[in-house]
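Participant: To start, I am sharing the structure in question, which I have written as structure tokens.
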Amino acid sequence: MDWKSIQFSQKSLGHLSGPETMKGLVGTSVTVECPYDKRDHKKYWCKETLFSCSTLVTTNHNSEKERKSISDNKSSKEFTVIMNELKKEDEGLYQCGIERTLLSDRSFRDETTSVYVQVKGKGTLLCLIMLAVSLLVFVLEGGPCLHFIYGILWLDFLEFLESLFYSFFDIKTQSFAEPIFFIYRDLKTKLVLLVLCIFSLLTIQNQH
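FYI, in the numbering used here the residues of the sequence shown are 10 to 217.
Written out as structure tokens, the structure reads:
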């Protein structure tokens, strides 16, 4: 499953272009296509760090490496980068790049365009679905606060499952113990709200 952005970056250097943002789910892949005008130059894909851009794959030698690959279609003047089996740690700012030399281009400054890769956890999608269902029940039944709080409890449970997912696949974006602590700390507060909500409903019902 690939999610592709329809926006294009305006921050490219030279005639190289590419998508401004790419979005994908954990475990899926994204495909980045970067059109260019320099047919015979080396192309590369790098991830931006604090002071530089660390090259991951190039069209000359390392065309495949650690779930990433790059291919150059010179007839269509476009090179393609594929990132497979996305992990949360893959999220960040990358660059499509074309290497230039002083001899051929009178410049050492490469042509680049920045691409932000955003990776969403699968649990996040489930949380949004549960929230939508909870709000729908709330609206249709006029339902006092009970349904809304019930939905929030489900969101906490799904967030807990998401932390288990990250831990199982060794995705090192967050501490495993810390999310559980915050989830259950919030859960106690919400349980109190739930009890108060039920109590208020029973009180109203008895009055009728």
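Where is the CB? At the ideal position from N, CA and C, for every residue including glycine.
What does a CB cutoff of less than 6 angstroms around residue 90 pick up in its chain, not counting 5 residues either side in sequence?
Facilitator: 41, 54 and 79
Participant: Counting Cβ pairs, one atom from each stretch, are 3 or more of them under 8 angstroms apart for the region 32-46 and the region 86-100?
Facilitator: Touching, per the Cβ criterion.
Participant: Looking at the strands, I want to know which residues DSSP matches up with residue 106.
Facilitator: 53 and 121
Participant: Can you tell which of 46, 64, 47 and 118 has its C-alpha closest to the C-alpha of residue 102?
Facilitator: 64
Participant: At the level of alpha carbons, what is the spacing between residue 84 and residue 106?
Facilitator: 18 angstroms
Participant: From the DSSP secondary-structure annotation, give me the bridge partner or partners of residue 82.
Facilitator: 87
Participant: So what's residue 96 in DSSP terms, helix, strand or just coil?
Facilitator: coil
Participant: Assuming residue 66 and residue 77 form a contact by the criterion Cβ under 8 angstroms, report the distance between their Cβ atoms to the nearest whole angstrom.
Facilitator: 5 angstroms
Participant: When you compare the CB positions of residue 30 and residue 127, do they come within less than 8 angstroms of one another, or not?
Facilitator: yes
Participant: Taking just the CA atoms, how far does residue 109 sit from residue 43?
Facilitator: 16 angstroms
Participant: By alpha-carbon positions, which one of 46, 92 and 60 ends up nearest to residue 75?
Facilitator: Taking only the C-alpha atoms, the option nearest residue 75 is 92.
Participant: Using the Cα positions of residue 68 and residue 25, report the straight-line distance between them to the nearest angstrom.
Facilitator: Between the alpha carbons of residue 68 and residue 25 lies a gap of roughly 16 angstroms.
Participant: Go through its chain and collect everything with a Cβ distance to residue 22's Cβ below 6 angstroms, but skip five positions before and after it.
Facilitator: Low per-residue confidence applies at residue 22: pLDDT is 47, beneath 50, and the placement is therefore not dependable enough to give any value.
Participant: At the level of alpha carbons, what is the spacing between residue 71 and residue 39?
Facilitator: 19 angstroms
Participant: Does residue 46 pass the burial test, meaning 16 or more other C-beta atoms within 10 Å, or should it be called exposed?
Facilitator: exposed
Participant: Name the DSSP beta bridge partners of residue 34, please?
Facilitator: 129
Participant: Tell me whether the beta-carbon of residue 48 lies closer than 8 angstroms to the beta-carbon of residue 86.
Facilitator: yes
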